[in-house]
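Report on the structure given below.
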Amino acid sequence: MSVDTATVAKIASLARIKLGEGEAAAMVPELNGILAWVDQLGEVDVTGVEPMTAVIPNTLRLRDDVIDADPLTGGGIRDKVLANAPAAEHGFFGVPKVIE
Amino acid sequence: MTDLNSSGLTDLGVAAIRSGVASGDFTAVEVAEAFNANVAAAQDALNAFIVATPDRAIEAAQAVDAKRAKGEALGKMAGVPIGMKDLFATVGVQTTAASHILEGFTPQYESTVSAKLWDAGAGMLGKLNLDQFAMGSSNETSYFGNVVSPWRRNDGGNAPLAPGGSSGGSSAAIAARLCPAATGTDTGGSIRQPAAFTGITGIKPTYGRCSRWGVVAFASSLDQAGPMARDVTDCAIMLEAMAGFDPKDSTSLNLPVPEWEKGLNADLSGKGVGIPREYRMDGMDADVAKSWDDGIAWLKDAGATIVDVSLPHTKYALPAYYIIAPAEASSNLARYDGVRYGLRDLPDGSNLQDMYAATRAAGFGAEVRRRILIGTYVLSAGFYDAYYTQAQKVRTLIARDFAQAFEQCDVILAPTAPSAAFALGENTEDPLKMYLNDVFAVPASLAGLPAMSVPAGLNREGLPLGLQIIGKAFDEQGVLNAGLAIEQRANFTARPGKWW
Numbered sequence: 001m002s003v004d005t006a007t008v009a010k011i012a013s014l015a016r017i018k019l020g021e022g023e024a025a026a027m028v029p030e031l032n033g034i035l036a037w038v039d040q041l042g043e044v045d046v047t048g049v050e051p052m053t054a055v056i057p058n059t060l061r062l063r064d065d066v067i068d069a070d071p072l073t074g075g076g077i078r079d080k081v082l083a084n085a086p087a088a089e090h091g092f093f094g095v096p097k098v099i100e
Numbered sequence: 001m002t003d004l005n006s007s008g009l010t011d012l013g014v015a016a017i018r019s020g021v022a023s024g025d026f027t028a029v030e031v032a033e034a035f036n037a038n039v040a041a042a043q044d045a046l047n048a049f050i051v052a053t054p055d056r057a058i059e060a061a062q063a064v065d066a067k068r069a070k071g072e073a074l075g076k077m078a079g080v081p082i083g084m085k086d087l088f089a090t091v092g093v094q095t096t097a098a099s100h101i102l103e104g105f106t107p108q109y110e111s112t113v114s115a116k117l118w119d120a121g122a123g124m125l126g127k128l129n130l131d132q133f134a135m136g137s138s139n140e141t142s143y144f145g146n147v148v149s150p151w152r153r154n155d156g157g158n159a160p161l162a163p164g165g166s167s168g169g170s171s172a173a174i175a176a177r178l179c180p181a182a183t184g185t186d187t188g189g190s191i192r193q194p195a196a197f198t199g200i201t202g203i204k205p206t207y208g209r210c211s212r213w214g215v216v217a218f219a220s221s222l223d224q225a226g227p228m229a230r231d232v233t234d235c236a237i238m239l240e241a242m243a244g245f246d247p248k249d250s251t252s253l254n255l256p257v258p259e260w261e262k263g264l265n266a267d268l269s270g271k272g273v274g275i276p277r278e279y280r281m282d283g284m285d286a287d288v289a290k291s292w293d294d295g296i297a298w299l300k301d302a303g304a305t306i307v308d309v310s311l312p313h314t315k316y317a318l319p320a321y322y323i324i325a326p327a328e329a330s331s332n333l334a335r336y337d338g339v340r341y342g343l344r345d346l347p348d349g350s351n352l353q354d355m356y357a358a359t360r361a362a363g364f365g366a367e368v369r370r371r372i373l374i375g376t377y378v379l380s381a382g383f384y385d386a387y388y389t390q391a392q393k394v395r396t397l398i399a400r401d402f403a404q405a406f407e408q409c410d411v412i413l414a415p416t417a418p419s420a421a422f423a424l425g426e427n428t429e430d431p432l433k434m435y436l437n438d439v440f441a442v443p444a445s446l447a448g449l450p451a452m453s454v455p456a457g458l459n460r461e462g463l464p465l466g467l468q469i470i471g472k473a474f475d476e477q478g479v480l481n482a483g484l485a486i487e488q489r490a491n492f493t494a495r496p497g498k499w500w
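Chains A and B supply the protein sequences, listed in that same order. For the first sequence, the residue numbers in the numbering used here are 1 to 100. For the second sequence, the residue numbers in the numbering used here are 1 to 500.
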């Protein structure tokens, strides 16, 4: 499979990465080189093979149903959460207007 | 200070520093000062650190010296100053993943692995440079510039060489005696390949041994932290300090941490060492092939039986990796949106969607953008099964290959990388050529297995080559022991001449 300029532009839009003038076209051969190379996976007979979901067998755990069971991942740390925000105002993350 | 001058101190490894501090031969502060000086003196030439934190190193050392004065018990890493790959969140110290999008990000919390190391008495010399978001094999994708290896070819040409990647700051700093040990992370070879390129030792433990909490995520099903140091014993000591169950990481292994240091034993009598025939590829570098043969002879000498094994899906590991890792990366890196932390690019009159796209275009480097686009494509509607599901099925087959090989042997021996270090700029034109560097490293990553690189010797250009030992899941001890057997026979004492 291969991509064209329109597909690259579409992927970039899905990934929320702005591409400048001519950048989508420039990426076409790069991405196609990689895609042509990974296409060899199609040769592998995977009949009856399950896709891997966990590389080392492990069971998912539930934490205790307690508020702030681990203070490092608990609540009540608003100012720490906001400390690195590019625009924090009145205790919230600031973003450009999203409703007209 | 007793009979060691400061350059003598920076020649010491983890075990020697720890015991010297404990016995009072020198103080932890003297050690920290000596390494701080080396870090500062090498920064312009090697660019191994993004941020140096000499005060942190001194504070940690003072705490260890005070504890010793009071006769209190000292930790596993007491008095040992280390470098911290800039992928681990460190409270109050900028953490960037070598990216522009996280420039200035100052974590409010500490990663589990770094917290464990500080609790064990280690101190932080600084945050080490790396490939951006750990994506690269030469440390040439960092926003903060290339790391230069302290090694040079013996041709007198002085071409700047790659320290490997992504843990290139870690490898260069250890080889240049800027730190006795450092953290690394390995997604598809990022501890082992840089260790091989710089003549040092590094181990990626079984997936889940070291907590991923507070480590900037690249490909979560593959990312695993591990130690890098100058010898096997130092790696065993540091891995003990880093590993352990963490309820904050859903894939953390709920297992006790073995006493790897105490368990070290280079007698391999009764052990089988598998030699995977598929790794002996056409056109293999003659020096790499010779070092592999040397390794086989050394392990035989240590008492092991050599067994021919087959890993039939080896050639598909790299293409599977370059679907799975970008897919996971495209998902993980969705968090960089210019809202919660890091860079924001808000062109005049732009709306929220424009802000996301502008921020991510400005904040991610070319290789990171390339991988996000590949990952987005292989996960998109209509292509998901053909690419992602197929790659995950191939991954199952690769893991099965190892499981079958380990019915016949205890560890597997292979080269770490297909060549010695290359020159900076030599492989940047063609991403596929760069990816091939990890051809021997990626299969163990896909299977979640412990694997380490130990120095084997120098090639004809005077550059280090590494040998890789891959073990069964949870058998870091077997890997470390085989590594020790090689180390004792390789007698690798070469070090880069100081030019920086």
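Each residue gets a CB set at the ideal place from its N, CA and C atoms; glycine is no exception. This one's a predicted model, so the numbers in the text were calculated from it and none came from an experiment.
Short Cβ contact (8 Å threshold) for residue i with residue j
i, j, result
"Val91/B", "Glu72/B", "no"
"Gly169/B", "Phe49/B", "yes"
"Trp500/B", "Ala97/B", "no"
"Thr206/B", "Leu449/B", "yes"
"Pro276/B", "Leu41/A", "no"
"Leu465/B", "Val232/B", "no"
"Val3/A", "Val28/A", "yes"
"Asp438/B", "Gln193/B", "yes"
"Ser419/B", "Glu328/B", "no"
"Ile11/A", "Thr376/B", "yes"
"Phe364/B", "Ile372/B", "yes"
"Ala182/B", "Met242/B", "no"
"Leu31/A", "Met1/A", "no"
"Val29/B", "Ala52/B", "no"
Helix, strand or coil at residue i according to DSSP, with G and I counted as helix
i, result
"Asp3/B", "Any answer about Asp3/B is weak, because its pLDDT of 48 lies below 50 and its placement is not dependable; what the coordinates show is given next. Three-state DSSP puts Asp3/B in coil, outside helix and strand."
"Gly283/B", "coil"
"Gly188/B", "coil"
"Phe383/B", "coil"
"Leu128/B", "strand"
"Val439/B", "coil"
"Met135/B", "coil"
"Leu268/B", "coil"
"Lys97/A", "coil"
"Thr201/B", "strand"
"Pro431/B", "helix"
"Leu373/B", "helix"
"Ile17/B", "helix"
"Gly145/B", "coil"
"Val64/B", "helix"
Residue of the options minimising C-alpha distance to residue i
i, options, result
"Gly501/B", "Ala423/B, Ile486/B, Ala420/B, Glu367/B", "Any question about residue 501/B goes unanswered here, given that chain B covers just 1 to 500."
"Leu463/B", "Ala63/B, Phe492/B, Asp438/B, Met228/B", "Phe492/B"
"Ala391/B", "Ala325/B, Ala115/B, Gly483/B", "Ala325/B"
"Ala362/B", "Thr10/B, Tyr143/B, Glu59/B", "Tyr143/B"
"Ala441/B", "Lys393/B, Thr187/B, Leu458/B", "Thr187/B"
"Lys85/B", "Asn139/B, Leu9/B, Ala421/B", "Asn139/B"
"Arg177/B", "Thr141/B, Lys70/B, Leu125/B, Gly164/B", "Leu125/B"
"Ala62/A", "Pro247/B, Ala286/B, Asn459/B, Asp65/B", "The identity of residue 62/A in the sequence shown is Leu, whereas the question assumes Ala. When only C-alpha atoms are compared, the closest one is Pro247/B."
"Leu12/B", "Gly24/B, Val31/B, Asn265/B", "Val31/B"
"Pro431/B", "Gly208/B, Val148/B, Tyr322/B", "Tyr322/B"
"Ala54/A", "Leu413/B, Ala69/B, Ile470/B, Thr396/B", "Thr396/B"
Continuous alpha helix (DSSP H) stretch holding residue i: start and end
i, result
"Val257/B", "Note, Val257/B: premise wrong, no alpha helix (DSSP H); not H, not E."
"Gln353/B", "352-363"
"Thr7/A", "5-14"
"Val402/B", "It is Phe, not Val, that sits at residue 402/B in the sequence shown. Per DSSP, Phe402/B belongs to the alpha helix (DSSP H) from 390-405."
"Leu239/B", "232-242"
Span of the beta strand (DSSP E) around residue i
i, result
"Gly226/B", "224-229"
"Pro276/B", "272-276"
"Val454/B", "451-458"
"Gln477/B", "No beta strand (DSSP E) holds Gln477/B; the alpha helix (DSSP H) holding it covers 476-490."
"Val309/B", "305-309"
"Val411/B", "411-415"
"Lys85/B", "81-85"
"Val51/B", "49-52"
Interface residues of chain E facing residue i [CB-CB closer than 7 Å]
i, result
"Pro450/B", "In the displayed structure, chain E is absent; the protein chains listed are A and B."
Which residues, in order along the region 192-210 of chain B, keep a beta-carbon less than 7 Å from a beta-carbon of chain A? Thr206, Tyr207, Gly208
Pull out every residue of the region 30-41 of chain A whose Cβ sits closer than 7 Å to any Cβ of chain B, in chain order. Glu30, Leu31, Gly33, Ile34, Trp37, Val38, Gln40, Leu41
Members of the region 44-65 of chain A near chain B, C-beta cut-off 8 Å: Val44, Val46, Val49, Glu50, Pro51, Met52, Thr53, Ala54, Val55, Ile56, Asn58, Leu60, Arg61, Arg63
Short of 7 Å Cβ to Cβ, which residues in the region 393-416 of chain B face chain A? Lys393, Val394, Arg395, Thr396, Leu397, Ala399
Could you run through the region 341-353 of chain B and flag, in chain order, every residue whose CB is less than 8 Å away from some CB of chain A? Tyr341, Gly342, Leu343, Arg344, Leu346, Ser350, Asn351, Leu352, Gln353
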